[in-house]
Amino acid sequence: MEFRRIGILNIGEMGYHWARLLAARGAEPLTCVAGRSEATRQRCDEAPVRQVESLERLVEEADLVVSIVVPSAALEVARSVARAAAAVKRQGLPFLEANAISPMTADAARAELEGGGGVYVDGCIIGSARRLETAAVYVSGPEAERLAPLRELGLPIRVLGEGATQASAFKVVYAGFTKGLAGLLTELLTGAHKMGLLEQILERYEESFPGLPGKASGSITSLRLHAARRGEEMAELADTFRHAGLEPVVTPAIERLLKAVAAAESGHGPKHRDELGSLPETVEGFVEHGLLAAHDEGGDEGKDR
Ligand SMILES: NC(=O)c1ccc[n+]([C@@H]2O[C@H](COP(=O)([O-])OP(=O)(O)OC[C@H]3O[C@@H](n4cnc5c(N)ncnc54)[C@H](OP(=O)(O)O)[C@@H]3O)[C@@H](O)[C@H]2O)c1
Numbered sequence: 090m091e092f093r094r095i096g097i098l099n100i101g102e103m104g105y106h107w108a109r110l111l112a113a114r115g116a117e118p119l120t121c122v123a124g125r126s127e128a129t130r131q132r133c134d135e136a137p138v139r140q141v142e143s144l145e146r147l148v149e150e151a152d153l154v155v156s157i158v159v160p161s162a163a164l165e166v167a168r169s170v171a172r173a174a175a176a177v178k179r180q181g182l183p184f185l186e187a188n189a190i191s192p193m194t195a196d197a198a199r200a201e202l203e204g205g206g207g208v209y210v211d212g213c214i215i216g217s218a219r220r221l222e223t224a225a226v227y228v229s230g231p232e233a234e235r236l237a238p239l240r241e242l243g244l245p246i247r248v249l250g251e252g253a254t255q256a257s258a259f260k261v262v263y264a265g266f267t268k269g270l271a272g273l274l275t276e277l278l279t280g281a282h283k284m285g286l287l288e289q290i291l292e293r294y295e296e297s298f299p300g301l302p303g304k305a306s307g308s309i310t311s312l313r314l315h316a317a318r319r320g321e322e323m324a325e326l327a328d329t330f331r332h333a334g335l336e337p338v339v340t341p342a343i344e345r346l347l348k349a350v351a352a353a354e355s356g357h358g359p360k361h362r363d364e365l366g367s368l369p370e371t372v373e374g375f376v377e378h379g380l381l382a383a384h385d386e387g388g389d390e391g392k393d394r
C-alpha cells in the first residue's frame with residue numbers, strides 16, 4: 090500500500106469521515122490536535138485516528154498529508170506543514186490541498202509547501218462527508234497522478250487536468266452553485282415564513298421543481314453548523330472572479346447572507362448534525378434568531394425625523 094499512513098488536518102466533519110473510510114480500508118489515519126477546539130478534539134477521540142503530539146511527528150510518519158479545513162486556515166496549514174517538514178528534513182512529502190479556496194490561495198499554499206520540500210497536489214472534495222463513497226476527489230497539476238493509489242482506499246480520485254490550481258478553481262465555482270442555491274432559498278423561505286406562507290411555498294416549489302426542496306433541504310439545515318465556513322468559500326469565489334477580471338454581483342450577496350446566518354446562529358447553533366431539525370424548524374429558528382431582520386438604525390432619534 091503506497092499510502093499507508095495518512096495525516097489528516099484536521100478532524101472536522103469531512104476529516105472524520107475520511108478517517109473512518111481510510112481506517113476501514115486498512116490505512117492508518119494520523120492527526121495532530123494541538124491548538125484545536127474542544128469539538129475537534131472530541132471528534133478525534135471518536136474517530137479511528139491516531140493522534141500524534143506534534144506536526145513534526147506527523148510529517149515524519151505520514152506517507153501523505155491531507156488538508157481539510159476551513160478556507161481561512163488553508164494557507165496556515167500548508168505553511169505549518171512546510172515548516173514542520175523542513176524542521177525534520179522530510180523531503181518529498183505528498184500534500185493534498187483539499188479545501189474550497191481560490192486558485193490564488195492555492196498557489197500561495199503550493200509555494201509554501203514546495204518551499205519546505207513537499208510535493209503539492211491541488212484538490213477538492215465534491216459531495217457529502219457522510220456519503221464519501223459517492224463523493225469525488227478532484228485533483229490537478231503535474232503531480233496529480235501520484236494520488237491515483239488512493240482509489241484502492243475507496244477515495245474516488247478524478248484527475249481534472251494539468252493546471253497547478255485547477256481543482257481549486259473548479260471547486261469554488263461548483264460551491265457557488267450549491268451555496269448560492271441554499272442562500273437564495275434561505276432568504277426566500279425566511280420571507281415566506283414571516284408571511285405565513287412557508288408550507289404553501291414549499292409545496293409549490295416541489296410541484297414546479299420536483300425533488301428540489303428535498304435536495305436543498307440538507308444544505309439549508311446544515312447552515313446552522315457550517316454557514317461561516319460556506320461564507321468564506323463565497324469570499325474565495327468572489328476573489329477568484331475578481332482575479333479573472335470580473336466583478337461578481339451575486340456571489341458577494343450570498344457571502345453576506347451566509348455570514349448573517351452564522352451571526353444569527355452564533356450561540357444557538359447545534360454542535361452536531363444529529364441535532365439539526367427539519368427545514369421548516371430551521372427556517373423558524375432563523376426568524377426567531379433575527380435573520381434578515383431590518384435594523385432601525387436611527388433608533389428613537391430616527392423616528393422623529
Ligand atoms: N462537510 C462536508 O460535507 C463537506 C463536503 C464537501 C467538501 N467539504 C470540504 O471539507 C473542508 C472542511 O469542511 P468541514 O465540513 O469538515 O468543516 P468543519 O467541520 O468546520 O471542520 C473544519 C476543521 O478544520 C479545523 N481547523 C480550523 N482552523 C484550523 C487551523 N488553523 N489549523 C488546523 N485545523 C484547523 C477545525 O478545527 P477547530 O474545531 O479547532 O476550529 C475543524 O477540525 C472544507 O474545505 C470543505 O469545502 C466538506
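Start counting the sequence shown at 90; every next residue gets the next number (the working numbering). Beta carbons: idealized from backbone N, C-alpha and C, even for Gly. It should be emphasised that the depicted structure is a prediction, and the values quoted were computed from it without experimental measurement.
Backbone secondary structure at residue i - three-state DSSP
{"i": "F184", "result": "strand"}
{"i": "T340", "result": "helix"}
{"i": "A324", "result": "helix"}
{"i": "P118", "result": "strand"}
{"i": "S355", "result": "coil"}
{"i": "G206", "result": "coil"}
{"i": "V248", "result": "strand"}
{"i": "G230", "result": "coil"}
{"i": "A197", "result": "helix"}
{"i": "E390", "result": "Caution is warranted here: a pLDDT of 42 is assigned to E390, below 50, making its placement in the model unreliable, and the coordinate value is therefore given only provisionally. Three-state result, E390: helix."}
{"i": "E91", "result": "coil"}
{"i": "V350", "result": "helix"}
{"i": "G104", "result": "helix"}
{"i": "R139", "result": "strand"}
{"i": "A382", "result": "coil"}
{"i": "A225", "result": "strand"}
Start and end residues, beta strand (DSSP E) containing residue i
{"i": "H377", "result": "Note that residue 377 is Glu in the sequence shown, not His. Not the beta strand (DSSP E): E377 falls in the alpha helix (DSSP H), residues 368-377."}
{"i": "I97", "result": "94-98"}
{"i": "V148", "result": "Careful: V148 lies outside any beta strand (DSSP E), inside the alpha helix (DSSP H) at 144-150."}
{"i": "L365", "result": "First-last for L365: undefined, no H or E at that position."}
{"i": "V155", "result": "153-156"}
Residue span of the alpha helix (DSSP H) that contains residue i, given as start and end
{"i": "I290", "result": "287-297"}
{"i": "C133", "result": "127-135"}
{"i": "G280", "result": "255-283"}
{"i": "S306", "result": "301-310"}
{"i": "S169", "result": "163-176"}
Among the options, nearest to residue i - alpha-carbon criterion
{"i": "A382", "options": "R362, E364, A353, L368", "result": "A353"}
{"i": "L144", "options": "E325, A136, V166", "result": "V166"}
{"i": "E127", "options": "L380, Q255, I100, A113", "result": "I100"}
{"i": "T223", "options": "L153, G204, G243, A189", "result": "G243"}
{"i": "E241", "options": "R114, I97, L347, A163", "result": "R114"}
{"i": "G374", "options": "H384, R362, V350, D363", "result": "V350"}
{"i": "L368", "options": "F266, V158, I309", "result": "I309"}
{"i": "G269", "options": "P183, T340, L301", "result": "T340"}
{"i": "D152", "options": "R179, L326, V158, A253", "result": "R179"}
{"i": "R132", "options": "I215, M103, V177", "result": "M103"}
{"i": "Q451", "options": "T371, D196, D134", "result": "Lying outside 90 to 394, the shown extent of the chain, residue 451 is not represented and no answer is given."}
{"i": "R313", "options": "E370, A342, L147, G303", "result": "E370"}
{"i": "S257", "options": "V376, A281, G307, A163", "result": "A163"}
{"i": "E344", "options": "L221, E322, T279", "result": "E322"}
{"i": "G366", "options": "R331, H315, S311, H378", "result": "S311"}
Nearest-angstrom beta carbon gap, residue j and residue i [assumed within contact, 8 Å]
{"i": "A225", "j": "P245", "result": "5 Å"}
{"i": "E150", "j": "V141", "result": "7 Å"}
{"i": "S191", "j": "D328", "result": "5 Å"}
{"i": "V376", "j": "K283", "result": "6 Å"}
Inter-stretch contact (C-beta, 8 Å, three-pair minimum) for the segment 355-373 and the segment 256-273: Cβ pair count under 8 Å is below three, so no.
When the Cβ atoms of the segment 204-218 are set against those of the segment 229-243, are three or more pairs found closer than 8 Å? Verdict: yes, contact present.
Would you call the segment 292-299 in contact with the segment 331-342, where contact means no fewer than 3 C-beta pairs closer than 8 Å? When Cβ pairs closer than 8 Å are counted between the two stretches, the segment 292-299 is seen not to touch the segment 331-342, the count staying below three.
Is it true that the segment 247-260 meets the segment 273-287, where meeting means three or more beta-carbon pairs spaced less than 8 Å apart? No, they do not touch.
At least 3 beta-carbon pairs within less than 8 Å: the segment 101-111 vs the segment 119-133: In this structure the segment 101-111 touches the segment 119-133; the number of beta carbon pairs closer than 8 Å is three or more.
Segment contact flag, the segment 90-98 with the segment 188-208, C-beta cutoff 8 Å, min 3 pairs: Touching, no.
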